[in-house]
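When the sequence shown is numbered by full-length UniProt numbering, its final residue is 565 and no position is left out of the sequence of numbers.
Here is the structure we will look at.
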Amino acid sequence: MAFQLSDHLVTDDLTILLCLIAASLFLLSNLYKPQPLVHPILLGRQSDVARVRNPGQSAVYRNYGTGMMGRLPVRPAKDINLLTDLVKTDFDAPRTLWSTKITNPELRERFVNFGTGLIRLAGLAPKESNVLLLLDDSIEFLIADLALASHSIASFTLTSLDLLTPVLERHPPSAIITHGSFLPQLLELIYDSAESSGHHTIIVVGEAPTGPKMLSGVRVLKWEDIEKNGRDTETIISAAPDPNDIFTVSFFSSRAGELRGAQLTHQNLTAGVAAVRVLLPLSSAVSPLDTVVSAHSMNTAYGRSLAYMAVFEGTSFATLNSTKIFTGSEGTAKDTVDLTNVSSMPIPFPTITFLKPAHLESLTMNILSRAKESSGVLFQFAWRHKLSGLSEGFLTKDSLWDRIVFEGARQSVVGVGAGTLRGVVVSGGPLDASALPASRVALSIPIVNVHTNPLVPGPVLASHPLDLQSFPVPESGGSDPYAQHYHCGPPSINVEAKLLGVKDEGVEAGGDPEGVLFVRGPSVGKELMFGEDSWEQVNGDEEGWAATGVRARVASNGTFKVAAA
């Protein structure tokens, strides 16, 4: 019997139909499979590493985008050298700063008038006087800061109210600017201090106390009178400072409880602004159409760089109630209530937020709980679909599952502004690695994890906004202090980092370097401590390396994980 190939190729209609269905499903799965938002190669090498290292140290790490041979950026634009340059003269569109709608020409006019009034009415001397800013974040803080910087008058800020008495006793300022509601408490502290109260001139913002201007030898002036005096008299213009001149000292407390000061120059601040503005993807950079909301006080170096980044970019800006230090205690919560209070301000809906880990945790928990309640069984399908996209390196808030399940939950928790939010930057504490995928599902926008330090106006370390990788996290209770934390990414664009106290044997065997984190760069200020008679530098060597006070581990892809020292 003759063999015929056609006998083995005989098929019925059902077989053909099943083959077509299988081929269609294969093509659809490949065509509709989400593509990663960033190439995996870029996430595999996020730091550029020096080829040599010293014994007991790691190699020097730089951001891969800067490279080992690249110059570290010191300003956000070529003409920005001083703090006052961040108020660009060529940008005159109105925007809202806290509750004040203002243009750059109007802002410049106000701080010029206030600076003139400080010299004429308050008797301050350029390059000699110093002023303590006991102000919560506000347009007045911004105006005072710019006015003092324009006349080379150093400003002092406090990161905690507990530091007020030590500063008044050890380094009494030429003048103090504070809120009217805080004046009684300030006067009480001055009377109780050991030094003479006659040294103080106090400028009050808001409701001033009734009665004579002289209270027990303390001269009290109104903010409005200072600004009016500068407006009605001839403008005083001082010589422009050098970018390396000190413009502020931010007082903070070390882990041992000692009073420390971060001495910052104009260049430190402009470099910090340059680093902050590139935290988000370049494809969606900060623009005047944005509204920036911060959970970090301007009394801190990092919080101040966030505010001036918004000033430079021409965006609207506001801070949360939890940043308050001197007026009231109602702003201590770091949850969704803190975020929704921003809606009471006359600012556009927030588009970019700089939050603390507690804010992110509260947002995630509330959004996911609301989504489960409202969608029922659909939540599990949406959850699996979103996690599948994250595993492929893809993230979007415009998918079908977002519209059905998560969009309504976000609006019920955050408000109508949930639809405008497009980026979250988290700093101020460790971020739980196991909880981060849930946060990405709940918000479905880029989340950047940043490590900050009191000496650095900008970020020290910052994760890639589109790095959606997740790695197994061991159960809690292990001995590894880094296991539960999400990585903080590579050094920022103008910071060099290295580790000291590294075990050479482990590194030479191919292990990850681990040790005390040291940094240097144009955004790193000097750490001071009050000695017997004056301030002295207590951190930093002749090469500019400063200790951060934390321990870190560097992974093979150049990302850092940070733990307390």
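By construction, the Cβ of each residue, glycine as well, lies at the ideal position given by its N, Cα and C atoms.
Please read all numbers here as calculations on a predicted model, not as lab measurements.
Continuous alpha helix (DSSP H) stretch holding residue i: start and end
i, result
"Arg231", "Trp223 to Asp232"
"residue 572", "Coverage of the chain is limited to positions 1 through 565, which leaves residue 572 absent and any answer about it impossible."
"Ala433", "Here Ala433 belongs to no alpha helix (DSSP H), and DSSP marks it neither H nor E."
"Ile143", "Ile139 to Ser150"
"Phe312", "Ala301 to Glu313"
"Asn158", "One detail in the question is off: residue 158 reads as Leu in this sequence, not Asn. Leu158 -> not in any alpha helix (DSSP H); beta strand (DSSP E) instead, spanning Ala154 to Leu158."
"Gly389", "Leu378 to Ser391"
"Ile367", "Pro357 to Ser375"
Assigned secondary structure, residue i (DSSP; H/G/I helix, E/B strand, else coil)
i, result
"Arg45", "coil"
"Arg440", "helix"
"Gln469", "coil"
"Val456", "strand"
"Gly331", "The predicted position of Gly331 is uncertain, since its pLDDT is 49 and thus under 50; no value can be drawn from it."
"Gly211", "With a pLDDT of 48 at Gly211, under the threshold of 50, the modelled position of this residue cannot be trusted, and the question is left open."
"Val167", "helix"
"Pro491", "strand"
"His451", "strand"
"Phe349", "coil"
"Ser197", "Summary for Ser197: the model assigns pLDDT 45, below 50, so the residue's position carries little reliability; its value from the coordinates is reported in the next sentence. Here Ser197 sits in helix by DSSP."
"Phe251", "strand"
"Met1", "Residue placement at Met1 is flagged as unreliable, the pLDDT there being 49, under the threshold of 50; the coordinate-derived value follows with that caveat. Met1: coil per DSSP, three-state reduction."
"Arg62", "strand"
"Ala509", "coil"
"His464", "coil"
"Ile237", "coil"
"Phe560", "strand"
Euclidean distance between Cα positions of residue i and residue j
i, j, result
"Ser287", "Ile119", "36 Å"
"Gln484", "Leu355", "20 Å"
"Asn366", "Glu407", "13 Å"
"Ile447", "Leu431", "11 Å"
"Gly211", "His179", "Bear in mind that the predicted position of Gly211 carries a pLDDT of just 48, short of 50, making it too unreliable to give a figure here."
"Arg71", "Arg51", "18 Å"
"Ser47", "Leu390", "23 Å"
"Arg277", "Gly549", "26 Å"
"Ser197", "Tyr191", "Note that Ser197 scores a pLDDT of 45, beneath 50, so its modelled location is shaky and nothing firm can be said."
"Phe326", "Ile203", "15 Å"
"Leu280", "Leu221", "43 Å"
"Tyr482", "Val292", "31 Å"
"Ser463", "Cys19", "46 Å"
"Gln267", "Gly540", "17 Å"
"Thr201", "Asn449", "42 Å"
"Met309", "His296", "13 Å"
"Thr452", "Gly458", "7 Å"
"His487", "Gln57", "20 Å"
"Ile153", "Gln469", "47 Å"
"Phe312", "Val87", "6 Å"
"Pro126", "Asp504", "52 Å"
"Gly123", "Asp512", "57 Å"
"Gly303", "Gly558", "26 Å"
Where the beta strand (DSSP E) through residue i begins and ends
i, result
"residue 613", "The chain is shown only over 1 to 565; residue 613 falls outside these bounds and no answer can be derived."
"Ser534", "Looking at the DSSP string, Ser534 is not in any beta strand (DSSP E), and its letter there is neither H nor E."
"Phe518", "Glu514 to Arg520"
"Ser316", "Ser316 to Thr319"
"Gly549", "Ala546 to Val554"
"Leu499", "Glu496 to Leu500"
"Lys101", "Thr100 to Ile102"
"Gln263", "Leu259 to Thr265"
"Ile190", "Premise fails: Ile190 lies in the alpha helix (DSSP H), Leu183 to Asp192, not in any beta strand (DSSP E)."
"Arg71", "No beta strand (DSSP E) contains Arg71, which DSSP labels as neither H nor E."
Whether residue i touches residue j by CB criterion (8 Å)
i, j, result
"Leu454", "Ala274", "What sits at residue 454 in the sequence shown is Pro, not Leu. No, the Cβ-Cβ distance between Pro454 and Ala274 is not below 8 Å."
"Ser254", "Thr157", "no"
"Ser305", "Gly261", "no"
"Ala497", "Val519", "yes"
"Val413", "Thr336", "yes"
"Ser174", "Asn113", "no"
"Leu387", "Leu37", "no"
"Thr323", "Ser439", "no"
"Leu461", "Phe560", "yes"
"Ala442", "Val405", "no"
Exercise. Please confirm if the segment 365 to 384 is in contact with the segment 343 to 350, defined as three or more CB-CB distances below 8 Å between the two stretches.
Key: Flag = no, the segment 365 to 384 and the segment 343 to 350 do not touch.
Any contact between the segment 232 to 240 and the segment 491 to 505? By contact I mean 3 or more CB pairs, one from each, below 8 Å.
As far as the Cβ criterion goes, the segment 232 to 240 does not touch the segment 491 to 505, which means the pair count is below three.
Assess contact between the segment 141 to 151 and the segment 161 to 176, defined as three or more Cβ pairs (one per stretch) separated by less than 8 Å. Is contact present? no
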